[in-house]
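Novice: Heads up: the sequence shown runs through residues -21 to -1, 1 to 441, numbered per mature numbering (1 follows the signal peptide of the UniProt record, and there is no 0).
Input: one structure, supplied below.
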Amino acid sequence: MPMSFRCLSLLLAAMAAPLGAQTLHIDADARQALTLTVYNQNLGLVRDSRQLPPFDASQTVAIEDVSRRMQTETLSIRGAGSILEQTLNTNLLSHQALLQHYLGRELSLARRNPATGDESIAQVTLLSVEGDRALVRRDERVESVPLDRDWRFIFPQLPPHLISKPSLEFRSNGTEVPATATFSYLTDGLSWQMDYVLNLAENGQQMSLEGLATLYNETGTDFRDASFQLLAGNLNQPAPVAYRKATMEMAAMAADAAPPPEAFQDYHLYSLPLPTSLLDRQHKQLPLISIDALPVTREYRHEFLAVPRPDSQRHKSAPQTWLRFANAADQPLPAGAVRAFAPDSSGRQQFIGGSRIGHTATGQDVEMQLGEAFDLVVERQQTLFQKEYDGDLLEYEVLVRNSGEAARQLQLAVNFTQPWDLQHSNRPMTQSRGGRAEWTLSVPPGDKSMLRFRVKLKKPQS
């Protein structure tokens, strides 16, 4: 089978250099495949496959275009022979790095005359750099130089240890034929989050839900034409060590002995249908969830705590507005922020509130709080407090006013901190569970509804 042009280029490049004489540089052009799994916790798993030419055991191979925030202790190299050592180089070229390198060394200092624009150049020794000023020695004098547009340093050459982008260097026992090597590692700086747009229908009884996944890349490198998987869920991670060196050499290891990742049984993995590119410092949004004509219920809720002490104050507050719907998608909903919109009388969508939802399984109910109801007011007052030998007797009146043009139902919950017994209520209790009693009050438009109940709070058993 004829050799591909890329393989031939790599082979000729390797043959052109004496074995062991210079580093073999492999950039992103040699990439065969790139897949990324991105987590919610500022974490990503990179699997990068590159075409390598034959190389000798004495030759260092430098893999360029890797994450500068790589967790080097997780690095695995397969298909490049038995690994002897591997090093992550992140000593990146910058103006500050050049200044630090030339401390105590000679370099040229150029000064522009702001009046004439003429420039003069002198040889100086750089003594120190602090903030926007530098100290230099010139003709046995020490001068303070501002680092601004009228002064500039001219560096005689580029230090060999400063590189323009991160690289992974390794040595192995070499390979005799061209091969595809796979580099897999965890990296900080990759993350994703879910954001939803919920649009209520005009009747308020149906909704649509659009979910966008936002990907974040702060790794210092570009990931082009990559296959992405997004993992929803909270993973436990080992506690970090006190420090991690930016460049570290690891003990010799056999890469083929590293076990493959196990299946994620307690999480959900979303695979994006098409490859995409995620550049450094880029935030990219991609559609992930779309549900139409989903039934939704608007609920009004209010709750308070009944405590065994006198309370003569009349409490007045607005109930909370909630939306509740069942996840009818064929896959779980990842946790994220939901922003709800509803049409006004002219049909224009208006923002009506939002909140966060947790990871929600298929068929499970989703509840989100929108804010406070405007047309409903809840007033409550304690009308009786009586101490008895085995507890306390309390009576309450709860008045709900509806100034709106539509009927409303309020779900009222009363919480108790000790054993309780409902002795009287002018309305049937809808639910009782543990230290909580619940009622549903229907309030006609422009009207009010009253709940009266008596409860005995029993003394806890000693």
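Glycine residues also receive a C-beta, built at the ideal position from the N, C-alpha and C atoms.
1) Starting from the C-beta of Thr14, find all residues in its chain whose C-beta is less than 6 Å away, skip the five residues before and the five after it, and write them out in chain order.
2) Could you give the C-beta distance for Leu106 and Arg84, rounded to a whole number, given that I count them as a contact under 8 Å?
3) Identify, in the order they occur along the chain, each residue of the same chain with its Cβ nearer than 8 Å to the Cβ of Gln216, setting aside the five sequence neighbours on each side.
4) Can you name the start and end residues of the beta strand (DSSP E) that Gln402 belongs to?
5) Do the region 171 to 182 and the region 52 to 69 make contact, defined as three or more Cβ pairs closer than 8 Å?
6) Return helix, strand or coil for His140, following the three-state DSSP convention.
7) Find the nearest neighbour of Trp418 within the set Asn405, Gly425, Ser325 and Pro424, judged by alpha-carbon distance.
8) What residue range does the beta strand (DSSP E) around His80 cover?
9) So, for Pro125: in the same chain, excluding its five sequence neighbours on each side, which residues have a beta-carbon less than 7 Å away from its beta-carbon?
10) Spatial neighbours of Gln185 within its chain, please: C-beta separation below 8 Å, excluding the five flanking residues on both sides.
11) Under the three-state reduction of DSSP, which class applies to Thr95: helix, strand or coil?
12) Do you know how far the Cα of Gln1 is from the Cα of Arg150?
13) For Gln328 and chain E, any beta-carbon pair shorter than 8 Å?
14) Check whether the region 368 to 381 and the region 421 to 430 touch, using three or more Cβ-Cβ pairs below 8 Å as the test.
15) Flag this pair as yes or no: are the beta carbons of Gly383 and Lys438 separated by less than 8 Å?
16) Report the option in Phe134, Tyr195 and Gln79 whose CA atom is closest to the CA atom of Ala89.
17) What distance in whole Å lies between the Cβ atoms of Glu278 and Gln397, which are believed to be in contact at a cut-off of 8 Å?
18) Looking at Met347: is its Cβ nearer than 8 Å to the Cβ of Ile336?
19) Taking contact to mean at least 3 C-beta pairs separated by less than 8 Å, is the region 188 to 201 in contact with the region 30 to 42?
20) With DSSP run on the structure shown, which of helix, strand or coil describes Ala59?
21) Please report the straight-line C-alpha distance between Ser291 and Gln360, rounded to a whole angstrom.
22) Going residue by residue through the region 101 to 157, where are the continuous beta strand (DSSP E) segments of at least 3 residues, counting only ones entirely within it?
23) Going along the chain, which residues of its own chain have a beta-carbon closer than 7 Å to the beta-carbon of Phe353, five neighbours each way excluded?
24) What's the gap between the Cα of Gly96 and the Cα of Val103?
25) Considering only their Cβ atoms, is the gap separating Gly168 from residue 516 smaller than 8 Å?
26) At which residues does the beta strand (DSSP E) containing Phe283 begin and terminate?
27) What's the gap between the Cα of Pro145 and the Cα of His262?
28) Classify Asp426 as helix, strand or coil using the three-state DSSP reduction.
29) What is the residue span of the beta strand (DSSP E) that Lys366 lies within?
30) Check the C-beta distance from Glu282 over to Val422 and give it rounded, since I have them as a contact under 8 Å.
31) In three-state DSSP terms, what is Asp259?
32) Take Ala12 and list the residues in its own chain whose beta-carbon comes closer than 6 Å to its own, dropping the five residues that flank it on each side.
33) DSSP three-state call for Arg431: helix, strand or coil?
34) Work out the CA separation of Thr154 and Ala314 for me, nearest whole Å.
35) Straight-line CA distance for Leu339 to Ile270?
36) Which residue's Cα is closest to the Cα of Thr255: Leu3, His4, Ile5 and Thr16?
Specialist: Taking the geometry as given:
1) Locating residue 14 in the sequence shown gives position 35, counting from the first residue. Correct list, in chain order: Arg26 and Ser206.
2) Mapped onto the sequence shown, residue 106 falls at position 127. Mapped onto the sequence shown, residue 84 falls at position 105. Leu106 to Arg84, Cβ: 10 Å. No contact.
3) The residue given as residue 216 occupies position 237 in the sequence shown. Excluding five sequence positions before and after Gln216, the CB atoms of its chain that fall closer than 8 Å to its own CB belong to Gln20 and Leu22, given in chain order.
4) Position 423 of the sequence shown, counted from the first residue, corresponds to residue 402. Where Gln402 is concerned, the enclosing beta strand (DSSP E) stretches over Trp399 to Ser404.
5) no
6) For the purposes of this step, residue 140 is identified with residue 161 of the sequence shown, where counting begins at 1. In this structure, His140 counts as coil in the three-state DSSP scheme.
7) As a first step, residue 418 must be located in the sequence shown, where it is residue number 439. Residue Asn405 is the option with its Cα nearest to Trp418.
8) Here residue 80 corresponds to residue number 101 of the sequence shown, with the count starting at 1. It is not in any beta strand (DSSP E) - His80 instead sits in the alpha helix (DSSP H) that spans His74 to His80.
9) Numbered from 1 along the sequence shown, position 146 holds the residue referred to as residue 125. So the list reads Asp111 and Arg112, once near-sequence residues are dropped.
10) To locate residue 185, count along the sequence shown from 1; it is residue 206. Only Leu179, Ala272, Leu273, Pro274 and Val275 meet the Cβ criterion.
11) Locating residue 95 in the sequence shown gives position 116, counting from the first residue. The answer is coil: DSSP assigns Thr95 none of H, G, I, E or B.
12) For the purposes of this step, residue 150 is identified with residue 171 of the sequence shown, where counting begins at 1. For the purposes of this step, residue 1 is identified with residue 22 of the sequence shown, where counting begins at 1. Cα to Cα, the separation comes out at about 12 Å.
13) In the structure shown, chain E does not exist; there is a single protein chain.
14) Contact check between the region 368 to 381 and the region 421 to 430: three or more CB pairs, one atom from each, fall below 8 Å, which counts as touching.
15) For the purposes of this step, residue 383 is identified with residue 404 of the sequence shown, where counting begins at 1. For the purposes of this step, residue 438 is identified with residue 459 of the sequence shown, where counting begins at 1. For Gly383 and Lys438, no; Cβs fall outside 8 Å.
16) The sequence position of residue 89 within the sequence shown is 110, counting from 1. Minimum Cα distance to Ala89 is reached at Phe134.
17) Within the sequence shown, numbered from 1, the residue matching residue 397 stands at position 418. Within the sequence shown, numbered from 1, the residue matching residue 278 stands at position 299. With 8 Å as the limit, Gln397 and Glu278 do not qualify as a contact, their Cβ atoms being about 28 Å apart.
18) Residue numbering aside, residue 347 sits at position 368 when the sequence shown is read from its first letter. Residue numbering aside, residue 336 sits at position 357 when the sequence shown is read from its first letter. Against a cut-off of 8 Å, the Cβ pair of Ile336 and Met347 comes out as a contact.
19) no
20) If you number the sequence shown from 1, residue 59 lands on position 80. Note: Ala59 maps to coil in three-state DSSP.
21) Locating residue 291 in the sequence shown gives position 312, counting from the first residue. Locating residue 360 in the sequence shown gives position 381, counting from the first residue. Taking the straight line from one Cα to the other gives about 7 Å.
22) For secondary structure counted as the beta strand (DSSP E) over 3 or more consecutive residues, the region 101 to 157 holds these complete runs in sequence order: 112 to 117, 120 to 125, 130 to 133 and 146 to 151.
23) Residue mapping note: residue 353 aligns to position 374 of the sequence shown, counting from 1. Excluding sequence neighbours, Phe353 sits near nothing in its chain.
24) One-based indexing of the sequence shown puts residue 96 at position 117. One-based indexing of the sequence shown puts residue 103 at position 124. Taking the straight line joining both Cα atoms gives about 21 Å.
25) Outside the displayed span of the chain (-21 to 441) sits residue 516, for which this structure offers no information.
26) By 1-based counting over the sequence shown, the position of residue 283 is 304. Run containing Phe283: Thr276 to Ala285, per the beta strand (DSSP E) assignment.
27) Taking the sequence shown and counting its residues from 1, the one referred to as residue 145 is at position 166. Taking the sequence shown and counting its residues from 1, the one referred to as residue 262 is at position 283. The alpha-carbon atoms of Pro145 and His262 are separated by roughly 21 Å.
28) Reading the sequence shown from its first residue, position 447 is the one you call residue 426. Of the three classes helix, strand and coil, the one that applies to Asp426 here is strand, per DSSP.
29) Residue 366 sits at position 387 when you count from the first residue of the sequence shown. Leu355 to Glu367 is the span of the beta strand (DSSP E), which, as asked, contains Lys366.
30) Numbered from its first residue, the sequence shown carries residue 282 at position 303. Numbered from its first residue, the sequence shown carries residue 422 at position 443. Not a contact, Cβ separation roughly 17 Å.
31) Taking the first residue of the sequence shown as position 1, residue 259 is located at position 280. In the structure shown, Asp259 sits in coil (DSSP, three-state: anything other than H, G, I, E or B).
32) Mapped onto the sequence shown, residue 12 falls at position 33. Once the five neighbours on either side are set aside, the close Cβ partners of Ala12 are Ser28.
33) For the purposes of this step, residue 431 is identified with residue 452 of the sequence shown, where counting begins at 1. Of the three classes helix, strand and coil, the one that applies to Arg431 here is strand, per DSSP.
34) Numbered from its first residue, the sequence shown carries residue 314 at position 335. Numbered from its first residue, the sequence shown carries residue 154 at position 175. Their backbone Cα atoms lie some 46 Å apart in a straight line.
35) The residue labelled residue 339 in the question sits at position 360 within the sequence shown. The residue labelled residue 270 in the question sits at position 291 within the sequence shown. Note that residue 339 is Thr in the sequence shown here, rather than Leu. Rounded to whole angstroms, Thr339 to Ile270 spans 14 Å at the Cα level.
36) Taking the sequence shown and counting its residues from 1, one reaches residue 255 at position 276. When only C-alpha atoms are compared, the closest one is Thr16.
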